[in-house]
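Notes for the one structure printed next.
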Amino acid sequence: MSSPHQSDDGPDDTVSLGKNTPPPPASAYPPPQPQQQQGYPQSPYAQQPGYEQPYGQQPYAQQQPYAAPYDPNNPYGAYPQPGYAQPYAGYGQPYPAPRGTNTMAILALVFGILVAPLGLVFGFVARSQIKKTGEDGDGLALAGIIIGGIFTLLFIAYIVFIIIFFAAVASSVPMR
28 MSSPHQSDDG
38 PDDTVSLGKN
48 TPPPPASAYP
58 PPQPQQQQGY
68 PQSPYAQQPG
78 YEQPYGQQPY
88 AQQQPYAAPY
98 DPNNPYGAYP
108 QPGYAQPYAG
118 YGQPYPAPRG
128 TNTMAILALV
138 FGILVAPLGL
148 VFGFVARSQI
158 KKTGEDGDGL
168 ALAGIIIGGI
178 FTLLFIAYIV
188 FIIIFFAAVA
198 SSVPMR
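Last residue of the sequence shown: number 203 in our numbering, and the count goes up by one each step with no gaps.
Here's what the structure looks like:
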C-alpha cells in the first residue's frame, strides 16, 4: 500500500511501512556475552614459593566491622556520650563547669561609656568582687575603669574650659 503522494512505479529513497526493509549490517564486534564474576587476583606475595596464607583468612576477604561489646550500664554505645561528666580513665579529670561573668564588670563597661563616674565606681567594686569569688570579667571591669576615668577627665576638662571661657568673656566686656 502506498501513500497517495507516491507512486509505486520505481524505487525511491523514502521508507514506507508497507515495504520490507533489509536487516542492519552485521557488526564487526561480537555480541557481549554474560561473564562469570571472578575473584580478585592473588597477592604478588602468594606467587612466591614458601608463602602461606595466614590462618583463617582468605585473600581480599571483606573484614567484619568492629563491634564493641554491649554494656548494660551504657545502652547508647560503647563509649560515654558527650555532655555527661564521666571521667575517662587515663585522661585526668573532666573540665570544671564554666565560671560566670561578674555582673558588676559588665555594668562597669556599659556605665563607663554612658555615665563615666558610675563606670569608675562599678569597675572598682567589680574587681574587688572578682578577687573574692574568682568569677570572670576582670578585663571588663578594668576596661570600665579606664574608659570611665578617661571620659570623667574629659568631662572635667570640658567644665573647666567652659568656666575659663565665660570668665574671659565676662572680663573683656566693658562695664557701664
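Just so it is clear, CB atoms sit at the ideal spot from N, CA and C, and this is done for glycine as well.
Straight through space, the alpha carbons of residue 191 and residue 124 are spaced by roughly 56 Å.
Under the criterion of beta carbons closer than 8 Å, residue 133 and residue 164 qualify as touching, at roughly 7 Å. According to the DSSP assignment, residue 154 belongs to the alpha helix (DSSP H) that extends over 143-160. Three or more beta-carbon pairs separated by less than 8 Å are not found between the stretch 180-187 and the stretch 150-157, which leaves the two stretches without contact.
Beta-bridge analysis with DSSP links residue 165 to no other residue. DSSP lists 163 as the bridge partner or partners of residue 128.
The distance from the Cβ of residue 168 to that of residue 143 is about 15 Å, inconsistent with a contact at the 8 Å cut-off. DSSP, reduced to helix, strand and coil, places residue 200 outside both helices and strands of the structure shown, so it counts as coil. If you draw a straight line from the Cα of residue 194 to the Cα of residue 202, it is about 14 Å long. Residue 171 sits close to residue 146, with the two beta carbons spaced by under 8 Å. The C-alpha of residue 156 is placed about 18 Å away from the C-alpha of residue 137. Residue 100 sits exposed, since fewer than 16 C-beta atoms from the chains shown fall within 10 Å of its C-beta. Burial state of residue 183 is exposed, judged by a 10 Å Cβ sphere holding fewer than 16 other Cβ atoms.
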